[in-house]
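Novice:
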Amino acid sequence: MLAFLKLLISFAPWLSFLIIARNSLLRVEIGLCVALALTIVMGVLKLHRGIILWVGVVFFGAATIAVMGFNDTWTLRHLGVLANGALAAGAWLTILLGKPFTLDYAKEHVDPAVWNDPKFIRINVLMTGIWATAFTINAALAFGKMEQVALPELAYELISYAVLIGTAIFTVWYPDHLRRARAAAS
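For the sequence shown, the working numbering assigns the number -7 to the initial residue and increments by one for each residue that follows.
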């Protein structure tokens, strides 16, 4: 349960934006400001780190400037696609660079002696790949919702939440599963 709470905290800026930025321009503006402030504060306090921190700073900073500074309706209309797309791009980029973003968080739970172990890195490539896939799926769902393709708006939201919750549950379950399997084998 503690691991799940830590996971939620690490995505607090994105979750706050998701919860606040609904139904009115004022709420979107408040959501952007809260998310940007949380991203910066969490970065300073080292509660948020790595590329996902920088994706948040760039996304929330640019979106805040575009929406509030320039009243950019295109950005406003595409915020869901852009937010999920930014997270997906950041996650895929960390895999391409050989430094999956989950490494920063996984290192908190393992002995430093395994940080460079190829198996540990492979596990984190898998975990980051699952997150990257979830963000990519959610970008596509946000596009479908925005363009009103095939499904009602609520269906897109429920599927998106299910994807995120499933990914979060897997993220908490999988390392524990590996530990139990390793313990049973020895």
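Think of the CB as a built atom: it goes at the ideal place given N, C-alpha and C, for glycine as much as any other residue.
What is the rounded straight-line gap between the Cα of residue 19 and the Cα of residue 142?
Specialist: 27 angstroms
Novice: Return the chain-ordered list of same chain residues with a C-beta closer than 7 angstroms to the C-beta of residue 28, the five sequence neighbours on each side being excluded.
Specialist: 52, 53, 56
Novice: Throw me the rounded Cβ distance for the residue 83 and residue 120 pair, which I believe falls under 8 angstroms.
Specialist: Rounded to the nearest angstrom, the Cβ distance from residue 83 to residue 120 is 6 angstroms, consistent with a contact under 8 angstroms.
Novice: Rank 14, 112, 167, 92 by C-alpha distance to the C-alpha of residue 124 and give the top, closest one.
Specialist: 92
Novice: Helix or strand or just coil, what does DSSP make of residue 15?
Specialist: coil
Novice: With distances taken Cα to Cα, identify the nearest neighbour of residue 11 among 153, 114, 88, 85.
Specialist: 153
Novice: Pick out whichever of 134, 115, 140, 133 has its Cα sitting closest to the Cα of residue 168.
Specialist: When 134, 115, 140, 133 are compared, the shortest CA-CA separation from residue 168 is found for 115.
Novice: Can at least three beta-carbon pairs, one atom from the stretch 92 to 111 and one from the stretch 59 to 73, be found at a separation below 8 angstroms?
Specialist: no
Novice: What's the call for residue 61, buried or exposed, on a 16-neighbour Cβ count within 10 Å?
Specialist: exposed
Novice: Hey, could you find the ends of the alpha helix (DSSP H) residue 95 is sitting in?
Specialist: Where residue 95 is concerned, the enclosing alpha helix (DSSP H) stretches over 94 to 98.
Novice: Return the chain-ordered list of same chain residues with a C-beta closer than 6 angstroms to the C-beta of residue 131, the five sequence neighbours on each side being excluded.
Specialist: Result list for residue 131: 73, 76, 77, 80, in chain order.
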